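Just so we're aligned: 216 in the numbering used here is position 175 of the sequence shown, and the numbers increase by one with no gaps anywhere. Take a look at the structure set out below.
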Amino acid sequence: MQPGRSCLAIILAAGEGTRMKSRRPKVLHEVAGRSLLGHALAAVAEAGADSLVVVIGPDRPDVAAEVARLAPHAAIAVQTERKGTAHAVLAARESLAAGHDDVLVAFADTPLVRGGTFAALRGALHGGAAVAALGFEAADPTGYGRFVVRDGQLQAIVEHKDADEATRAITLCNAGLMALDGREALSLLEAIGNANAQGEFYLTDAVAVARGRGLPAVALTAPESEVQGVNDRIQLAAAEAEFQRRRRREAMAEGVTLVAPETVFFSHDTRLGRDVLVEPHVVFGPGVTVADGAVIHAFSHLEGASVGASATIGPYARLRPGADLAGGAKVGNFVEIKAAKIGEGAKVNHLTYIGDAEIGAAANIGAGTITCNYDGFFKSKTVIGEGAFIGSNSALVAPVTIGAGAYVGSGSVITRDVPADALAVARGRQIEREGWASAFRAAAMARKAKKG
Ligand code: UD1
Ligand code: MG
42 MQPGRSCLAI ILAAGEGTRM KSRRPKVLHE VAGRSLLGHA LAAVAEAGAD
92 SLVVVIGPDR PDVAAEVARL APHAAIAVQT ERKGTAHAVL AARESLAAGH
142 DDVLVAFADT PLVRGGTFAA LRGALHGGAA VAALGFEAAD PTGYGRFVVR
192 DGQLQAIVEH KDADEATRAI TLCNAGLMAL DGREALSLLE AIGNANAQGE
242 FYLTDAVAVA RGRGLPAVAL TAPESEVQGV NDRIQLAAAE AEFQRRRRRE
292 AMAEGVTLVA PETVFFSHDT RLGRDVLVEP HVVFGPGVTV ADGAVIHAFS
342 HLEGASVGAS ATIGPYARLR PGADLAGGAK VGNFVEIKAA KIGEGAKVNH
392 LTYIGDAEIG AAANIGAGTI TCNYDGFFKS KTVIGEGAFI GSNSALVAPV
442 TIGAGAYVGS GSVITRDVPA DALAVARGRQ IEREGWASAF RAAAMARKAK
492 KG
């Protein structure tokens with residue numbers, strides 16, 4: 042990619058998506074926790090697009106809101122009638138007329154295309170092509186546009202419905218993505234007619250129009266797995282599977298050990314350091330960062346969490362948004378952490394809920410400890426000082442502060458602050474009655490014998 046060249050990306054998101062059988066528009070369905078549209082936006086941004094137009098269907102405030110959320114600087118163009126892909130691109134006429142060096146066209150329902158692939162299409166423009174189209178070798182070409190290539194030049198793309206038998210035998214198919222020389226784009230698109238089997242204005246005809254003007258067109262290729270589109274929930278699951286395969290390979294290539302890669306699920310934004318070990322059956326929701334050397338034991342679920350270096354999680358741990366674990370912290374089995382900082386080397390090893398809290402370094406939280414952070418209306422905070430020791434099965438009723446180095450006796454219900462280095466015990470006092478049990482048993486057996 043040449044620096045200094047401007048690039049307009051036009052993303053077609055006007056699809057009806059009826060085969061999804063959903064209230065939600067197709068392009069807002071998610072792969073790895075990010076909408077299909079979000080994947081397309083990320084890919085063109087990675088390829089250096091500095092201007093962006095998303096073409097949406099009429100009455101789609103939800104799609105417009107997603108664009109505003111993910112790409113606030115993008116323009117939105119509405120295609121009021123569905124008259125074909127070239128017609129859809131021309132909804133962005135104003136931006137096309139503004140003059141850009143490169144124009145990229147992407148489909149919002151094709152979430153696996155890499156930024157590098159869009160960059161390669163731009164590269165073909167810099168090599169002199171007026172149009173560069175992305176193709177793939179289709180296992181089953183039915184339904185796709187076919188690439189007609191002669192002497193290394195792309196001559197035309199012929200839609201399946203318009204193709205004769207000989208053309209249908211071609212297996213090099215159009216993925217739908219294209220790059221156009223910004224100086225030619227508008228004029229090429231405006232020259233496209235709709236005299237074809239579907240009566241549509243085909244973007245693919247930009248190739249034949251360019252060739253007719255003696256302008257060069259080239260075909261680039263990508264693996265079919267990268268250009269697969271999503272039209273129904275089965276294809277959505279296939280896209281998810283491909284995304285996960287890719288992320289697992291990337292993670293391992295970057296120095297993460299995945300004991301059973303096919304059982305670990307990533308979010309689009311999961312970040313893992315070197316020598317992280319992830320055991321089987323771990324799910325990463327959005328917004329997770331794991332630092333070097335941390336261990337995520339089996340069956341853990343993490344979301345919106347940050348895990349410090351060499352910390353260990355699980356098995357069966359749940360980190361919810363705002364869980365922030367410092368280096369060497371230990372969160373064990375059946376522990377839930379939400380909006381809480383766990384200090385360096387602190388241990389929360391068994392059967393515990395820590396929410397809206399701050400736990401100092403090297404503190405030890407006993408099994409079954411609960412921070413009672415919610416009174417049905419408001420959330421309150423629990424602060425536990427460095428090196429404090431919370432005995433098992435304690436309830437800490439927030440707002441409450443346990444001072445550094447303090448002890449809380451097991452089974453306590455703590456409702457007042459505990460000073461540093463103090464012992465707090467808040468439970469029924471223990472009594473012993475010598476011989477009570479044998480007397481009780483004797484009396485009970487006598488009663489039972491009498492009843493017969
Ligand atoms: C298109 C390509 C075909 C390619 C295939 C790959 C054209 C003419 N054909 O065919 O060569 O093999 O994709 O999947 O480009 N859209 C609009 N407005 C419209 C029409 C389409 O926004 O008026 C959007 C759709 O929402 C979709 C994309 O453009 O995201 C492709 O349209 P679709 O109808 O799926 O085209 P295909 O027939 O699949
Ligand atoms: Mg399609």
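Every residue, glycine too, gets a C-beta built ideally from N, C-alpha and C. Because the structure is a prediction, the values reported are computed rather than measured.
Distance check between ALA364 and each of ALA381, ALA352, VAL372 and GLY469 places ALA381 closest, using alpha-carbon atoms only. About 21 Å separates the beta carbons of ALA465 and ILE472, which is beyond the 8 Å limit, so they are not a contact pair.
With 16 or more other Cβ atoms from the protein chains shown falling within 10 Å of its own Cβ, PHE284 counts as buried. Spanning the alpha carbons of TYR185 and GLY217 requires a straight line of approximately 9 Å. The three-state secondary structure of ARG315, taken from DSSP, is coil. By the Cβ-count criterion, TYR394 is buried, with 16 or more other Cβ atoms from all chains shown falling within 10 Å of its own Cβ. Spanning the alpha carbons of ASP142 and ALA133 requires a straight line of approximately 16 Å. A Cβ-Cβ separation of about 32 Å leaves THR121 out of contact with ALA263 under the 8 Å criterion. Look at the beta carbons and you see the region 75–87 touching the region 151–166: at least three pairs across the two are nearer than 8 Å. By the 16-neighbour rule on beta-carbons within 10 angstroms, PRO182 is buried.
Judged by beta-carbon spacing, ALA447 lies beyond the 8 Å limit of SER421, meaning their Cβ atoms are not closer than that value.
Under the three-state reduction of DSSP output, THR212 falls in the coil class, being neither helix nor strand.
Under DSSP, LEU153 takes part in no beta bridge, so it has no partner.
In the DSSP assignment, GLY79 falls within the alpha helix (DSSP H) that extends over 77–87. With a cutoff of 8 Å on beta-carbon distance, ALA251 and LEU277 are scored as not near each other. Here SER266 carries a helix assignment [DSSP, helix/strand/coil]. Residue state for GLU385 is assigned as coil, using DSSP reduced to three classes.
Taking the Cα of ARG163 as reference, the smallest distance to any Cα among PRO44, LYS202, ARG191 and ARG254 is reached at PRO44. In the three-state DSSP reduction, HIS391 falls in the strand class (E or B). Per DSSP, GLY428 lies in no beta strand (DSSP E) and is assigned neither H nor E. Between the ligand MG and GLY270, a heavy atom-to-CB distance of less than 7 Å is present. Here the distance from the Cβ of CYS413 to the nearest heavy atom of the ligand UD1 is not below 7 Å. DSSP assignment within the region 101–150 yields the following whole beta strand (DSSP E) runs of 3 residues or more, N-terminal first: 116–119 and 143–148. The three-state secondary structure of SER453, taken from DSSP, is coil. Between SER341 and SER351, the alpha-carbon positions lie close to 16 Å from each other. Only buried fits GLU200, as 16 or more other CB atoms lie within 10 angstroms of its CB. SER453 is classed as buried because its beta carbon has at least 16 other beta carbons within 10 Å across all chains shown. Annotated as distal: ALA174 and PRO257, with beta-carbon spacing of 8 Å or more.
Shortest gap from the CB of ASP150 to any heavy atom of the ligand UD1: under 7 Å. Note on TYR243: 16 or more other CB atoms within 10 angstroms of its CB, so buried under the neighbour-count rule. In this structure, GLY125 has its beta carbon less than 7 Å from a heavy atom of the ligand UD1. As the crow flies, the alpha-carbon of LEU195 is around 47 Å from that of VAL317. Just so you know, the alpha carbons of GLU57 and PRO66 end up roughly 7 Å apart. Following the DSSP letters along the chain, one finds GLN276 in no beta strand (DSSP E) but inside the alpha helix (DSSP H) bounded by residues 274–294. Judged by the Cβ position, HIS70 fails to qualify as a neighbour of the ligand UD1 at the 7 Å threshold, every heavy atom of the ligand being at least this far. Taking THR423 as the centre and dropping the five residues before and after it, the same chain places the C-beta of ALA398, THR412, LEU437, ALA439 and VAL441 closer than 6 Å to its C-beta, in chain order.
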